[in-house]
Amino acid sequence: MRLKKRVHSAFIATVLTCSLAVTPVFAAPDTLEQLQKEQEDLQDQKDAAQKELNELQSELNTIVEKLSGLEDQLIEKGEEIIQAQDDLKVAEEKKEEQYEAMKLRIKYMYEAGSGTATMEKVMTSGDISSMLTQAEYSQQVHEYDREQLQEYADTVQQIEDLQKKLESEMSDLQDLEDEYQQQEDTLNSTIASKKDQVSDLDGMIQEAARKVQDEKDRQEAEAEAERQRQLAAQQQAEAAQAQQSSGNTSSGNTSGGSTGTTGSSNTSSGGSSSSEPSYSPVTGNAIVDRAYSKIGCWYQWGAVGPNTFDCSGLVSYALTGSYVRLGNTTTFMGWTRVSNPQPGDICVNSHHCGIYIGNGQMIHAPHTGAQVTVGSVHSDMIYVRY
């Protein structure tokens, strides 16, 4: 009987030992590798999208720099046109003075001579060109008078030609500005779309990482459960072998321990506080009042008043009360940005600016051919404070 019990105990130990060798582990390495591969692919897509986004942002920065330089050129060209207009006015006045003086001398000359009919023909010719032709024909006009008058006429023509050239250059610059602004708008739209794509990929990567971690946790839990099962089986085999070797018929108790894990989570809270900046309503009202006083004035590149303005010229006047330019839109973009705009603050983007008057409205000088007016603040504008 004792021998049978020993053989029976040995058989149990052998069976338990064999079961340790053949029990499968229920992990799924292929699934984990697949999930990790998907996560890597998403990361590659995000890296590629981020690279494209960086390149687009670089292109946008270049366009903004070009717009800034172009604005300086437009202001300078506008000032040249204003100067040419002033020079043309002076030259025309001098030409007219010389013309009248020449007519007077011709009159005296003919009254002193016998060519009354010829004199009347010259005096009624009506313009400089006809008068010179008649005078040359009669060979009565002094060479000095003709040379002086021709010199003034040439000067006027040169200034008119220069003005036309400047206006043509101004038109080309404005066309280029429009092209750059279109490129800027397109890039902004593309960048916004690309940012959305990167954000979506970020979310997908986080979800893929969560799945990978879940699969790892599942495999680890499965492996731990199997380890505990094998440990319990090993303890049972050892107890059976001990019973066999000691010849003790008592049964051994096996116990398995379980472990628990506790997790803790921490929370963080962040608070942001914003305080209203100190702002003088009196100063704000004065800025707005000065802007209002120029409503109806015409737009002109390079002008800082008193009767014509470009956009930065109007803002400069409203802020200071003097007809001196503070800078251009690039200058204003570098000023202190505010999130709670007040009347008298500046609305600005890379190519335009105005004075904020509240309720989403601004006073601005829109563009060539338009007058200073009240309009809506552009959606891409920021607010800065002088």
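All the letters of the sequence shown, read from the start, carry residue numbers -27 to -1, 1 to 359 under mature numbering (1 follows the signal peptide of the UniProt record, and there is no 0). Glycine included, every Cβ here is placed at the ideal spot set by N, Cα and C.
Check, Outcome
"Roughly how many whole angstroms lie between the Cα atoms of Trp274 and Gly42?", "14 Å"
"So Cys284 is in the alpha helix (DSSP H); what residue range does that whole segment cover?", "Cys284 to Thr293"
"Would the segment 64 to 77 count as touching the segment 124 to 131 if we require 3 or more Cβ pairs under 8 Å?", "yes"
"In the DSSP output, which residue or residues are listed as bridge partners for Ile178?", "Ile178 pairs with nothing; no bridge assigned."
"Around the Cβ of Val297, are there at least 16 other Cβ atoms within 10 angstroms (buried) or fewer (exposed)?", "exposed"
"State yes or no: is the C-beta of Ser312 within less than 7 Å of the C-beta of Gly333?", "no"
"Among the residues of its own chain, which have a CB less than 7 Å from the CB of Leu292, if the five just before and after it don't count?", "Ile260, Leu299 and Tyr359"
"How about His324 and Gln154: are their beta carbons less than 7 Å apart?", "yes"
"Would you decide whether Pro314 is buried or exposed? Buried here means 16 or more other CB atoms lie within 10 Å of its CB.", "buried"
"For a quick check, are the C-beta atoms of Glu44 and Asn301 less than 7 Å apart?", "yes"
"According to DSSP, is Arg358 part of a helix, a strand, or is it coil?", "strand"
"Provide the residue span of the beta strand (DSSP E) that contains Thr346, from first to last.", "Thr346 to Ser349"
"By how many angstroms is the C-alpha of Leu33 removed from the C-alpha of Asn161?", "8 Å"
"Kindly indicate the opening and closing residues of the beta strand (DSSP E) around Gly331.", "Cys326 to Gly331"
"Per DSSP, what are the beta-bridge partners of Thr302 in this structure?", "Thr302 pairs with nothing; no bridge assigned."
"What's the call for Lys167, buried or exposed, on a 16-neighbour Cβ count within 10 Å?", "buried"
"Considering just the uninterrupted stretch of the beta strand (DSSP E) at Gln320, what are its terminal residues?", "According to the sequence as given, residue 320 is Cys; it is not Gln. It spans Ile319 to Val321 - the beta strand (DSSP E) in which Cys320 sits, taken as one unbroken run."
"Just the Cα atoms here: how many angstroms apart are Ser111 and Leu122?", "In this prediction, Ser111 scores a pLDDT of 49, lower than 50, which makes its location untrustworthy; no coordinate-derived value is stated."
"Just to confirm my understanding: we take residue 367, look at its own chain, exclude 5 residues before and 5 after, and list those with CB closer than 7 Å. What are they?", "In this structure the chain extends from -27 to 359, so residue 367 is not present and cannot be described."
"Please classify residue 403 as buried or exposed, where buried requires at least 16 neighbouring CB atoms within 10 angstroms.", "Outside the displayed span of the chain (-27 to 359) sits residue 403, for which this structure offers no information."
"I'd like to know whether the C-beta atoms of Ile319 and Val277 end up nearer to each other than 7 Å.", "no"
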